[in-house]
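To start, the structure under review is shown below, and the notes come after it.
2 protein chains.
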Amino acid sequence: MRVSVPLRRAYKLINHGPTTLITSAHGDRRNVMTAAWVMAVDFDPPKIVAVIAADTFTRTLVEASGEFVVNVPTVRMIDAVFAAGQASGEDEDKFSVHALATSPATLVGAPLLDGCAAWLECRVVPEPHMQERYDLFVADVAAAWADDASFVDGVWRFPTDQDRTLHHLSSGVFVASGDIVKAKP
Amino acid sequence: MRVSVPLRRAYKLINHGPTTLITSAHGDRRNVMTAAWVMAVDFDPPKIVAVIAADTFTRTLVEASGEFVVNVPTVRMIDAVFAAGQASGEDEDKFSVHALATSPATLVGAPLLDGCAAWLECRVVPEPHMQERYDLFVADVAAAWADDASFVDGVWRFPTDQDRTLHHLSSGVFVASGDIVKAKP
Chain A
1053 MRVSVPLRRA YKLINHGPTT LITSAHGDRR NVMTAAWVMA VDFDPPKIVA
1103 VIAADTFTRT LVEASGEFVV NVPTVRMIDA VFAAGQASGE DEDKFSVHAL
1153 ATSPATLVGA PLLDGCAAWL ECRVVPEPHM QERYDLFVAD VAAAWADDAS
1203 FVDGVWRFPT DQDRTLHHLS SGVFVASGDI VKAKP
Chain B
1053 MRVSVPLRRA YKLINHGPTT LITSAHGDRR NVMTAAWVMA VDFDPPKIVA
1103 VIAADTFTRT LVEASGEFVV NVPTVRMIDA VFAAGQASGE DEDKFSVHAL
1153 ATSPATLVGA PLLDGCAAWL ECRVVPEPHM QERYDLFVAD VAAAWADDAS
1203 FVDGVWRFPT DQDRTLHHLS SGVFVASGDI VKAKP
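Those protein sequences? They're chains A and B, same order as listed. Positions in the first sequence are counted from 1; adding 1052 to them yields our numbering. Positions in the second sequence are counted from 1; adding 1052 to them yields our numbering.
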């Protein structure tokens, strides 16, 4: 079940470096794009950065709307995650093509992708130089959500192998998140 | 054995989101700091970004030298990885305290940490606004290295559980890198 995550804990949803799906929407258009280059840059209030390349339809929608959602998919979704990074949403509705169902977000227009393990609703902090020079978007995390079977009391657990997060290497080869290991206190 | 990685493949060494150790040096001082917020932002020539907080000794050394090394540690090093994120190198030599042996890098003054799985020798691209506003450092990857038991023909493999990479959640709890999973072509 999707439950709200306190904003001070939002960074934990991507701190282990999962590959994400970025959803965006503007007017009557929407899109979903695979993005491995997403990370936290601040804890509380939480901020992230994401690389959104200049030649993508997602870039057009994010620049127009100032919003996007970072969705954290699982191994169960691996084929859609890889495929969503191959085609452009300008030519096809990738949600339909890959049978990706969505639910409305609460604070932004971009949708939440059903079946993911976590979601960050983001609002762009305008930084024209970073965007133009490095394709790098800074965003405030406005709301955060997690599947309460996978993220419990602020810590990730992965109930089955299919619930693990995906970490892209290249060309459709991913590392799944593995065992929890703890350092000596 | 540490072998050279072609620069066009350097991004693959951190694309799956491992927590890293950043080494730095200036004059007769050196330091090592745990850093989970490091990611690629360009392929070829490879560029990365890293968050280096304003109140750290690493920040002082990186600003003075314009250089650092991103080291990718393994589960075998978990206690040192966690501990290196807790104390400041201004007060103690963390290499000595945690028995971290080093080797010279080739193009930068910061050392390579022995026992890691990969290394990126980095030169800072001056971006004062990003550094001051977000503690975010852009860097060119000048040289890249990997342990040839763990990174073979441009793909990660983890020969034993102790050779897996670490992905920090919080408070010394990490996810180890898990199985390789492949999407349909």
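Using N, Cα and C, we set each Cβ at its ideal position, and we do this for glycine too. Values in this document were obtained by computation on a predicted structure and should not be read as measured data.
Per-residue contacts from Ile1104(B) into chain D (C-beta, under 8 Å): In summary, chain D is missing from the structure at hand, where the protein chains are A and B.
Three-state class that DSSP yields for Thr1217(A) in the structure shown: Within the first sequence, the letter at position 165 stands for residue 1217(A). Looking at Thr1217(A) - three-state DSSP - the assignment turns out to be strand.
Simplified DSSP state of Ile1066(B), which is helix, strand or coil: In the second sequence, residue 1066(B) corresponds to position 14, counting from 1. Three-state DSSP puts Ile1066(B) in coil, outside helix and strand.
Contact with chain A by Asp1069(B), beta-carbon distance below 8 Å: Stepping through the second sequence from its first residue, residue 1069(B) is reached at position 17. The residue asked about is misnamed: residue 1069(B) is Gly in this sequence, not Asp. Yes - at least one Cβ of chain A is within 8 Å of the one on Gly1069(B).
8 Å Cβ cutoff met for Ala1162(B) and Val1121(B): Start at 1 with the first residue of the second sequence, and residue 1162(B) comes out as number 110. Start at 1 with the first residue of the second sequence, and residue 1121(B) comes out as number 69. Against a cut-off of 8 Å, the Cβ pair of Val1121(B) and Ala1162(B) comes out as a contact.
Three-state secondary structure assigned by DSSP to Met1085(A): Residue 1085(A) sits at position 33 when you count from the first residue of the first sequence. Residue state, collapsed to three classes: strand.
Beta-carbon separation (whole angstroms), Gly1069(A) vs Pro1070(B), contact threshold 8 Å: As a working mapping, residue 1069(A) is identified with position 17 in the first sequence. As a working mapping, residue 1070(B) is identified with position 18 in the second sequence. Yes, they are in contact, since the Cβ atoms of Gly1069(A) and Pro1070(B) sit about 6 Å apart, within 8 Å.
Residue from Phe1226(B), Lys1234(B), Val1160(B) and Thr1072(B) whose Cα sits closest to the Cα of Lys1234(A): What you label residue 1234(A) is simply residue 182 of the first sequence in a count that begins at 1. Considering only alpha carbons, the answer is Phe1226(B).
Beta-carbon proximity list for Val1103(A), same chain, < 8 Å, skipping 5 on both sides: The sequence position of residue 1103(A) within the first sequence is 51, counting from 1. Excluding residues within five positions, the ones whose Cβ falls inside 8 Å are Ala1087, Trp1089, Val1090, Tyr1186, Asp1187, Leu1188 and Phe1189.
Any 3 or more C-beta pairs closer than 8 Å across the region 1188–1206 of chain A and the region 1161–1177 of chain B: no
Residue from Ser1117(B), Asp1096(B), Phe1147(B) and Leu1172(B) with nearest C-alpha to Ala1196(B): Taking the first residue of the second sequence as 1, we reach residue 1196(B) at position 144. That would be Leu1172(B), whose Cα lies nearest to the Cα of Ala1196(B).
Bridge partners - Asp1094(B), DSSP secondary structure assignment: In the second sequence, counting from the first residue as 1, residue 1094(B) sits at position 42. DSSP lists Lys1099(B) as partners of Asp1094(B).
Val1177(A) versus Gln1183(B): straight-line alpha-carbon distance, rounded: In the first sequence, residue 1177(A) corresponds to position 125, counting from 1. In the second sequence, residue 1183(B) corresponds to position 131, counting from 1. When rounded, the separation of the alpha-carbon atoms in Val1177(A) and Gln1183(B) is 16 Å.
Lys1236(A) classed as buried or exposed, judged by whether at least 16 other C-beta atoms fall within 10 angstroms: Residue mapping note: residue 1236(A) aligns to position 184 of the first sequence, counting from 1. Its Cβ having fewer than 16 others within 10 Å, Lys1236(A) is exposed.
Residue from Glu1144(B), Ala1157(B) and Ala1135(B) whose Cα sits closest to the Cα of Asn1123(B): Locating residue 1123(B) in the second sequence gives position 71, where the first residue counts as 1. Out of Glu1144(B), Ala1157(B) and Ala1135(B), Ala1157(B) has the C-alpha closest to the C-alpha of Asn1123(B).
For His1078(A), the three-state DSSP class (helix, strand or coil): The sequence position of residue 1078(A) within the first sequence is 26, counting from 1. DSSP places His1078(A) in strand when its eight states are reduced to three.
Within 8 Å, strictly: CB atoms of Arg1060(B) and Asp1096(B): For the purposes of this step, residue 1060(B) is taken as residue 8 along the second sequence, with counting starting at 1. For the purposes of this step, residue 1096(B) is taken as residue 44 along the second sequence, with counting starting at 1. Going by C-beta atoms, Arg1060(B) is nearer than 8 Å to Asp1096(B).
Simplified DSSP assignment, three categories, for Asp1187(B): Working through the second sequence from its first residue, we reach residue 1187(B) at position 135. Coil at Asp1187(B), not helix or strand.
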